[in-house]
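Report on the following structure.
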Ligand code: SF4
Ligand code: SF4
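Numbering (our numbering), first residue to last: 53 to 215.
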């Protein structure tokens, strides 16, 4: 089910987070194929997910296989992967520590106050991260985006004791 309730009409006019310029960074974990012990929330429908390569003005662009381009809708909605449901919140690394950040390139990021996203980040930690096993967290953390994006605002470290 939706986590952030980003308006469907806003996403239909955007679909930024279903197209990727530089795989595998930022692609859904369910499409990477090599993650052991992937928590169910990252692929609740169990459907295959892969990237389809295309191009835009000469640049390579990958598109999620679950995107219906005609309707600009996700075929898995509302059971799409957790990393899609939480966007513009993103799992990231901050100096090697698993953390949650806000990606300000999503148009929705400016529609709520930062404190609202911080509260959602705590909810994400408590409802999901905190119930995953240590081995699941380690496997996932190796896939988390690196902390090299200036458009991101760091919100919350996930494990105070890690790092
Ligand atoms: S970038 Fe934000 S507004 Fe655009 S499709 Fe993704 S979640 Fe929706
Ligand atoms: S699963 Fe749906 S929301 Fe997630 S990237 Fe693919 S089309 Fe977009």
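No residue lacks a Cβ here, since even glycine has one placed at the ideal position from N, Cα and C. Quantities reported herein were computed from a predicted structural model and do not represent experimental measurements.
The set of residues whose C-beta lies within less than 6 Å of a heavy atom of ligand 1 reads, in chain order, 58, 62, 63, 66, 67, 68, 69, 139, 140, 158, 159 and 160. Within the DSSP bridge table, the entry for residue 205 names 154 as partners. When secondary structure is reduced to three states using DSSP, residue 183 falls in the helix class. Check the Cα spacing between residue 116 and each of 153, 132 and 143: the tightest is with 132. Judged by DSSP secondary structure, residue 103 falls within the beta strand (DSSP E) whose first and last residues are 103 to 108. Exposed is the label assigned to residue 104, since fewer than 16 other Cβ atoms lie within 10 Å of its Cβ. Residue 137 carries a helical assignment under DSSP once its states are collapsed to helix, strand and coil.
Distance from the C-beta of residue 128 to the nearest heavy atom of ligand 2 is below 7 Å.
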